[in-house]
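At position 443 of the sequence shown (counting the first as 1) the number is 445 in full-length UniProt numbering, and the numbers step up by one without a gap.
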Amino acid sequence: NQSSGGQPPTGADHFSRSGFIFAAIGSAVGLGNMWKFPYITGKYGGAAFFLLFVIFLVLVGLPVLLAEMTIGRGGRGSAYTSFRNLSKVKVWGTFGFLAILGAFMILSFYGVVAGWTLHYAFLSFTGSLFSSSDYGGTFASFSGSYVPVFWLLVVMVLTGWVVARGISGGIEKFNKILIPALLVILLVLMGRALTLPGAMEGVRFFLKPDFSKLTAESALVALGHAFFSLSLGMGTMLTYGAYVDRRQSLGGAAAAIGLGDLFYALLAGMIIFPTSAAFALKADQGPSLIFVVLPAAFGAMPYGTFFGGLFFVLLAIAALTSAVSLLEVPVIYAMEKWKLARTKAAWGTAALIFLVGIPSALSVGGPLSRFTLGGKTYFDLLDFAASNVLLPVGGLVVTLFTGYAWKKAGEEAGLTGPLYRIWLFVLRYVAPVMILLIFLYSLGLFG
Ligand code: PFF
């Protein structure tokens, strides 16, 4: 009853139906939801920004997500091989290879931040995070030391171990345990946050739209974040798609993943804004929000060591399930290219990413932060190249390939009639223009 196409790339090892959804939600829900989403929402207009984010996620993000998974399932290979299997035109494969490179690069600094969350969970549970109230100083002395390298190593050993165990026994199992666990932790923390005196002020800020704050810039940030949050353009959803059964509905999966991603972002906002409001902390202070602003809140509340520790465990889990999806992208490529066994490919790639990530770990206030190029540290440069250049290029390639080049995309996606026509319209006209706008904006072309 397999209608067309081949087997998953590693033969029998593939996702179950729910396993795929869990793994894809695991990839989508990450530091983007827990760390970036709250601070950009704080900065760009609260609920009005959130509304825009939802609109972009549904109208542009979901069609592109479906397209990416469709290429993977149709091509049954890595982000490189899937394109090669579906088209004779070689340049698509070359673009696919760029996405693999992008996933490799993103993981090398995403892993660094994941490591910070592990360190903070540790500091919080032992209580030493709260021994001084100078949280800015605590963060600066930590990120300025060599300790982040150790935590990056821990992150790469953990993700390497999960990916080495394979799709159903590794990635699927890991996500099926951790994604529900994440929900439980979120609910506990939300309960705590909402019962703090003064919490409602934060809820109001988060949920009451103020459209006067919306600008072209906030719209572009919302759009870019919809892509980042759904893990698009880096080959992760494509790679996971390669392990999906032919009979599973990809459209249904895309909707579930989008909903899951939104739901977890909403919960994160319902923790962070009420908590900051209750302690009169400003939630619009940018990236330092979770490492500097929130510890002050946990330090001041009863049982703060416990709730603070739980909060950083939450971040670590969210980051690790995304890291696992990023690692799988180059690992499946290495397996194909050098005929490596999964264990060797996983450990080898994880080790390589660790090495490439060391300079990132040392350049956020650390010994390497003096070395900059155009004002950007090594960490910033990797982030910029991957998030602002490779990610939009990857997204553009996915939309153009499914919109124009691969004629059977609709069939593989399981779409017919008006839904198919809407999908094609988005892929051909709407998404490419939107992606181009984000791209130009992030290169600073709009001033
Ligand atoms: N979606 C993840 C997050 O929101 O944190 C980040 C991410 C993972 C981006 C995987 C891209 C990717 F390929």
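Just so you know, even glycine gets a beta-carbon here, dropped at the ideal spot from N, CA and C.
By the CB criterion at 9 Å, L125 and L322 fall outside the cutoff.
The alpha helix (DSSP H) runs of length 4 or more contained entirely in the region 291-316 are, from start to end of the chain, 296-302. Membership of N87 in the alpha helix (DSSP H) is indicated by the continuous run 83-88.
Within its own chain, the residues whose Cβ lies closer than 7 Å to the Cβ of W408, once the five positions on either side in sequence are excluded, are L88, S89, listed in chain order. Fully contained in the region 210-286 are the following alpha helix (DSSP H) runs of length 4 or more, in chain order: 218-231, 238-243, 252-280.
A distance criterion of 8 Å places the beta-carbon of Y82 beyond contact range of the ligand PFF, judged by its closest non-hydrogen atom. Boundaries of the alpha helix (DSSP H) around H121: 92-127. Contact annotation, A69 with V400: C-beta distance approximately 5 Å; criterion of less than 8 Å satisfied. The continuous alpha helix (DSSP H) containing Y380 extends over residues 380-385. DSSP places L375 in the strand class (E or B) of the three-state scheme. The Cβ-Cβ distance between G117 and L329 does not fall below 9 Å. For G368, no pairing in a beta bridge is given by DSSP. Under the three-state reduction of DSSP output, V31 falls in the coil class, being neither helix nor strand. Three or more beta-carbon pairs separated by less than 8 Å are not found between the region 271-280 and the region 101-109, which leaves the two stretches without contact. With a threshold of 8 Å, the Cβ atom of V31 counts as near the ligand PFF, since some heavy atom of the ligand is closer than that.
Cβ-Cβ distances below 8 Å link L120 to W153, V156, V157, F314, A318 in the same chain, with the five nearest sequence neighbours on each side left out; the list follows chain order. The bridge partners DSSP lists for G446 come to none. Burial state of P297 is buried, judged by a 10 Å Cβ sphere holding 16 or more other Cβ atoms. In this structure, the alpha-carbon of P420 lies about 15 Å from that of R430. For L64, the shortest C-beta to heavy atom distance toward the ligand PFF is 8 Å or greater.
Our two residues, R249 and A256, have alpha carbons roughly 15 Å apart in a direct line.
Taking all protein chains in view, the Cβ of V93 is surrounded by fewer than 16 other Cβ atoms within 10 Å, so the residue is classified as exposed. In terms of Cβ geometry, F230 and K38 form a close pair [threshold 9 Å].
For Y112, the shortest separation between its Cβ and any heavy atom of the ligand PFF lies below 8 Å. Note on E174: 16 or more other CB atoms within 10 angstroms of its CB, so buried under the neighbour-count rule.
Not one heavy atom of the ligand PFF falls within 8 Å of the beta-carbon of L225.
Secondary structure at S18: coil, using DSSP grouped into helix, strand and coil. A direct Cα-to-Cα measurement between A270 and A347 gives close to 35 Å. For K38, the CB falls within less than 8 Å of some heavy atom of the ligand PFF. Note on geometry: alpha-carbon atoms of I273 and I23 lie some 25 Å from one another.
Using a 10 angstroms sphere on the CB of F381, the tally of other CB atoms reaches 16 or more, which defines it as buried. R344 and L216 have their C-alpha atoms roughly 47 Å apart. DSSP places T418 outside both helix and strand once states are collapsed to three, so it counts as coil. Taking the Cα of T128 as reference, the smallest distance to any Cα among L342, F356, Y46, F308 is reached at F308. Scanning its chain for C-beta atoms nearer than 8 Å, with the 5 sequence neighbours on each side dropped, one finds around I360 the residues V151, L154, in chain order. L184 sits close to A320, with the two beta carbons spaced by under 9 Å.
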